[in-house]
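Undergrad:
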């Protein structure tokens, strides 16, 4: 394969378009932070368009930087098939989640878990949300670790794509905020948002891959930095990414802290000491994770195979099977949800097994290299 004009100048179309996608993501992330901090929330007052925007930026995150790497390890055809499959599966799980919320009478993920399976269900939902958000926060800080000094193999492709489409903890709060809400209207919001993010992900991955081919690294922006060291546009993008991910960390920290509080101290009154201890512990733990984990690919892979698989496949289908009583287990809907549940376990166990095997293999290679070096 030929590398498409690496370092051939600033007129590279694939490079420019992929950088444009990254710049668009930075703008959306910064706008999300601004809206989260400055805009008052009015229950049931969000328009269809604003709900589409909110869900779109809930979907989009640091996972976009690993998609070109996934494409480089699967090829364009298999990547597109996997991207379409994950997008469809994610939409189906949103459908199950919305229907379960109506039947179960709860618009909070943890409450659905409690109504379905009691404390174990609440624990599973809380732990999955916490892991997913810690993974997101770690990936943001890892980008800072990569980019600050200079102002993701096939087994990782499915977890990376799964990580990139997780927005399910945000579905129910947005459903609650939707003006004149109905399940059909919220499903329409999800359809438009997922289509928009599917196109953005595909284009960003495609043009990043066409620019660097097999030389693309787990973090796309870091790859650009190696070939275009003094490019002004990339410097602007790098600064925008650093600003966006740094300011997004407190926003992502909020649901983790809330989930920990709900899990451990739900019946207790607010305490600044407890609030501070939880915040500091989470930040110290996440920073230690970022320092110790050798590559952002491991974060995308592990969280995508565990927490993201739980939030997209396993929990929505399990809640649906347990809480939607009016449909028998022999109905098409329940059979579909059961198949989706089994598919989720297959994805999680298969991906985690391959990732662990890859870690063991890499560790063995590293030991052999050190032994030979001595």
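In this note's numbering, the protein residues as written are -16 to 357.
Beta carbons: idealized from backbone N, C-alpha and C, even for Gly.
1. Apply the 10 Å Cβ neighbour rule to residue 89 and answer buried if 16 or more other Cβ atoms are within range, or exposed otherwise.
2. So, is residue 325 buried or exposed, given that buried needs 16 or more other C-beta atoms within 10 angstroms?
3. Which one of 108, 52 and 116 has the shortest CA to CA distance from residue 268?
4. Classify residue 71: buried if its beta carbon has 16 or more other beta carbons within 10 angstroms, exposed otherwise.
5. Rounded to whole angstroms, what's the CA-CA distance from residue 303 to residue 320? Just pull it up for me.
6. Excluding the 5 residues flanking residue -2 on each side, which residues of the same chain have their C-beta closer than 6 Å to its C-beta?
7. Are residue 282 and residue 147 closer than 8 Å when you measure CB to CB?
8. Take residue 169 as the anchor and find which of 74, 272, 142 and 343 has the nearest alpha-carbon.
9. Buried or exposed: where does residue 5 fall if 16 or more other Cβ atoms within 10 Å of its Cβ makes it buried?
10. Judging by CA-CA distance, which residue of 104, 119, 250 and 280 is the nearest neighbour of residue 297?
11. Tell me, please, which residues DSSP counts as bridged to residue 29.
12. Considering only C-alpha positions, which residue in the set 80, 224, 295 and 232 is nearest to residue 202?
13. Would you kindly work out how many angstroms separate the C-alpha atoms of residue 145 and residue 289, rounded to a whole number?
14. Considering only their Cβ atoms, is the gap separating residue 162 from residue 306 smaller than 8 Å?
15. Buried or exposed, going by whether 16 or more other CB atoms sit within 10 Å of the CB of residue 252?
16. Is the beta carbon of residue 173 closer than 8 Å to that of residue 77?
17. Candidates 222, 110, 167 and 54: which alpha carbon is nearest residue 198's?
18. Figure out for me which residue from 187, 121, 155 and 235 has the closest Cα to the Cα of residue 95.
19. Tell me whether residue 221 is buried or exposed, calling it buried when 16 or more other Cβ atoms sit within 10 Å of its Cβ.
20. Report yes if the C-beta distance between residue 62 and residue 187 is below 8 Å; otherwise report no.
21. Exposed or buried, residue 15, counting other C-beta atoms within 10 Å across all chains shown (16 or more means buried)?
22. Near residue 34, which residues of its chain fall below 6 Å by C-beta distance, leaving aside the five closest residues on each side in sequence?
23. Is residue 358 near residue 50, with beta carbons less than 8 Å apart?
24. Which residue comes first and which comes last in the alpha helix (DSSP H) that contains residue 51?
25. So is residue 166 buried or exposed if we call it buried at 16+ other beta carbons inside 10 Å?
26. Just to confirm my understanding: we take residue 300, look at its own chain, exclude 5 residues before and 5 after, and list those with CB closer than 8 Å. What are they?
27. By the three-class DSSP mapping on this structure, what secondary structure does residue 88 have?
28. Along the chain, where does the alpha helix (DSSP H) that runs through residue 198 open and close?
29. Could you give the distance in angstroms between the alpha-carbon of residue 248 and the alpha-carbon of residue 242?
30. Can you tell me whether DSSP reads residue 168 as helix, strand or coil?
TA: According to the data block:
1. buried
2. exposed
3. 116
4. exposed
5. 7 Å
6. Annotation note: pLDDT 48 at residue -2 (below 50); position unreliable, no value reported.
7. no
8. 74
9. Note that residue 5 scores a pLDDT of 47, beneath 50, so its modelled location is shaky; the value from the coordinates is reported in the next line. Flag for residue 5 reads buried.
10. 104
11. 161
12. 224
13. 10 Å
14. no
15. exposed
16. yes
17. 54
18. 155
19. buried
20. no
21. A caution first: residue 15 carries a pLDDT of 49, below 50, which makes its placement in the model too unreliable to give a value.
22. 157, 161 and 172
23. What is shown of the chain runs -16 to 357, which leaves residue 358 out entirely.
24. 50 to 57
25. exposed
26. 76, 79, 320, 321, 323, 324 and 327
27. coil
28. Residue 198 -> no alpha helix (DSSP H), and no H or E assigned at all.
29. 10 Å
30. helix
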